[in-house]
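Okay, so here's the structure we're looking at.
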Amino acid sequence: MIKGARQRQADDPVLADMLALIQKSFAYMDGRIDPPSSMLALTIADIARQCESGEVWSIGAPVKACVFLTRKPDCLYLGKLAVASEARGQGLGAQLVEIATQRALALGYHTLELQTRIELIKNHRIFAALGFTKTAETAHPGYDRVTSITMRKSIGA
18 MIKGARQRQA DDPVLADMLA LIQKSFAYMD GRIDPPSSML ALTIADIARQ CESGEVWSIG
78 APVKACVFLT RKPDCLYLGK LAVASEARGQ GLGAQLVEIA TQRALALGYH TLELQTRIEL
138 IKNHRIFAAL GFTKTAETAH PGYDRVTSIT MRKSIGA
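Rendered as structure tokens:
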């Protein structure tokens, strides 16, 4: 496993720090994406539930990066991937994807999946550089235009 990476539990006191990291990391999206990010409604209790229903991983102490992993029928889904602004460019996002890859293979999956907003072109390029390819375009409920893209990465077999 990645040095300094930890799977978090629902009662972990660092969940508050993770929430703050996600909020700060996603703040630049405010006013850029429509509809607004679900991060705006995210709570510590939501992160604790994610720890129980899926997995929550972080790197660093204090937390510099985190990701939520959720089992789907045919893939492992990556959500709320966040890296502290002062730690960007150090490969932490790639390390989180590597954690997801290791966990997916351990769980019997051969595909990773994530979604990114249509407006966030830089994120599309970053995930493409990590081996993800666009597989779908979707619209949030109530929207008649594409609001996000789905990206997948084949792993293992």
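Just so we're aligned, residue 18 is where the sequence shown starts under this note's numbering, counting upward by one.
Even glycine gets a Cβ: it sits at the ideal position worked out from N, Cα and C.
Straight-line Cα distance separating residue j from residue i
i, j, result
"Leu131", "Glu103", "24 Å"
"Gly71", "Leu86", "6 Å"
"Pro79", "Val100", "12 Å"
"Thr128", "Gln40", "28 Å"
"Ile61", "Ser171", "32 Å"
"Arg134", "Ser165", "4 Å"
"Phe43", "Met56", "7 Å"
"Lys151", "Ile138", "12 Å"
"Ser54", "Met35", "16 Å"
"Arg105", "Ala33", "21 Å"
"Pro52", "Pro30", "31 Å"
"Arg88", "Gly48", "31 Å"
"Ala146", "Gly173", "18 Å"
C-beta contact flag for residue i and residue j at 7 Å
i, j, result
"Ala22", "Ile76", "yes"
"Leu98", "Lys81", "no"
"Glu136", "Ile19", "no"
"Ile116", "Trp74", "yes"
"Val84", "Leu113", "yes"
"Ala37", "Glu69", "no"
"Ser45", "Cys92", "The sequence shown places Tyr at residue 45, rather than the Ser named in the question. For Tyr45 and Cys92, no; Cβs fall outside 7 Å."
"Thr167", "Ala153", "yes"
Buried versus exposed, by CB contacts within 10 Å (16 or more), residue i
i, result
"Ala121", "buried"
"Arg162", "exposed"
"Tyr94", "buried"
"Thr118", "buried"
"Arg25", "buried"
"Arg66", "exposed"
For residue i, the first and last residue of its enclosing beta strand (DSSP E)
i, result
"Arg134", "128-134"
"Ala153", "150-155"
"Arg23", "22-24"
"Ile166", "165-171"
Continuous alpha helix (DSSP H) stretch holding residue i: start and end
i, result
"Arg142", "138-146"
Enumerate, from N- to C-terminal direction, the unbroken beta strand (DSSP E) stretches of 3 or more residues contained entirely within the segment 40-110. For secondary structure counted as the beta strand (DSSP E) over 3 or more consecutive residues, the segment 40-110 holds these complete runs in sequence order: 72-76, 82-88, 93-100.
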